[in-house]
Amino acid sequence: MKIKNIQTTTFKAPLKTPFVTSLRRVEYLEDIIVIIECEDGTLGYGEGVPTPAITGETFESMQSAINYIKKSIIGMDIEEFDTLIYKVHSAIAKNSTAKSAVEIALYDLKAKSLKQPLYKMLGGTQKEFFTDLTISLNTIDTMVQDSLNAVSLGYKSLKLKLGGDIQTDIQRVLEIHNVLQNQDITLRLDANQAWSAKDSVKLLQSIEKLDINIEFIEQPTPAYDLDALSYIKQRVQTPLLVDESIFNIYDTKRVLDMDCADIINIKLAKSGGISGALKIADITKEYGKKCMIGCMLEGIVSINAGVALASAKADIIEFIDLDAPTLLREYSIKTDTIYDNAIIKLGDSMGLGILSL
């Protein structure tokens, strides 16, 4: 299976409601689909969404990076898989989402060449997962209603986007907890780097005193400030999850060596794809910590890859945050993976399970 051509197309889909965090507001999904064509006609699909506020990438930069990587791998055979992955990452520095999009397409082709679903090629067996649902940052009343709507759809874990005034954020959590406290719902918090270390401690200690059980707090402080995470971890009981602080195994090792977090959030768009994500999961396991598999606001192709990774590393990936497909009002891409609100079920088609774009 020799690579004949690499092209890209744009996928765009409206959201059911605006996606709002402390960093950004998004009303529709728009990302880049990578299509790698082999000489025998086999197609491999990859995907990546530009998230300038997190990865620094734009549509233009991603397209340029993909075109640059393309020159290094056209003409190579998919059987040279390890070399292909090396060339993707050595061709250009950074550009993690562009690399991930190309990598996913290569993994899709490799699994197809072996006539296996990707999750099986990666060593996975688990096929059913339960994702949380993100509750966007909004007024208290709106977030309460959104939470009730999510529970009515069968979600058991909700990730609350915070990042406003500390007292208002405390009230958000309290109000949502009060309306859900008899329904066995797990609450997760995500501030997307919005707070200072002292404000984080103030909020979390206030919530702990109210006897509200929070599964974890995600990236409360700026990504670069690991000392702030250490400060928080020494003063609260709530587990800390790091997201924007982690892009690669070196970031992961630094966080784990400092013991400033309890959970590592893996995102393919940050790790440069599946190969980097596998390494992050492995090193986290060595330190006796757990991972979450998360996502940007992205589409079915890259989310399918994330689910395959969750299956392959089910022993270390304990938390699933792959709700992006259910946030879309509609999407045209066909897959044999089932996204039924909180429930995700992998199919057994070869590769990623993408049936048509």
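Residues in the sequence shown are numbered from 35 upward in steps of one, following the numbering used here. Built from N, CA and C at the ideal position, the CB exists for glycine as well.
* Could you tell me whether the Cβ atoms of A132 and M96 are closer together than 8 Å? => yes
* At which residue ranges does the segment 217-284 contain complete alpha helix (DSSP H) runs of 4 or more residues, listed in the order of the chain? -> 231-243, 260-267
* To do: Return the chain-ordered ranges of every alpha helix (DSSP H) run that is complete within the segment 95-134 and spans a minimum of 4 residues.
  => 115-124
* Residue closest to L148, alpha-carbon to alpha-carbon, out of R288, Y258, M35, K379 -> M35
* Hey, would you say G78 sits closer than 8 Å to L140, going by beta carbons? -> yes
* Asked: What three-state label does DSSP hand M326 in the structure shown?
  -> strand
* **DSSP-derived helix/strand/coil call for I67** => strand
* Grab me the residues of I266's own chain with a C-beta within less than 6 Å of its C-beta, minus the 5 sequence neighbours each way, in chain order. => A231, S234, V235
* Could you tell me whether the Cβ atoms of M330 and T85 are closer together than 8 Å? => yes
* Candidates N172, P273, G306, of which the one nearest T55 by Cα -> N172
* Asked: Between the segment 297-310 and the segment 120-135, do at least 3 Cβ pairs fall closer than 8 Å?
  -> yes
* Distance, E278 Cα to G90 Cα -> 12 Å
* Tell me whether the beta-carbon of I297 lies closer than 8 Å to the beta-carbon of K324. => yes
* Nonlocal neighbours in the same chain, by C-beta distance under 7 Å from L244, ignoring five residues either side -> L208
* Can you list, in chain order, the residues of its chain whose CB lies under 8 Å from that of I317, leaving out five sequence neighbours each side? -> I283, T286, K287, L290
* Any idea if R58 is buried or exposed, counting beta-carbon neighbours within 10 angstroms, 16 or more meaning buried? -> exposed
* Beta carbon of E242 nearer than 8 Å to that of V270 -> yes
* Residues bridged to R206 by DSSP? -> In DSSP, R206 forms no bridge with anything.
* To do: Take V178 as the anchor and find which of R206, T202, E162 has the nearest alpha-carbon.
  => R206
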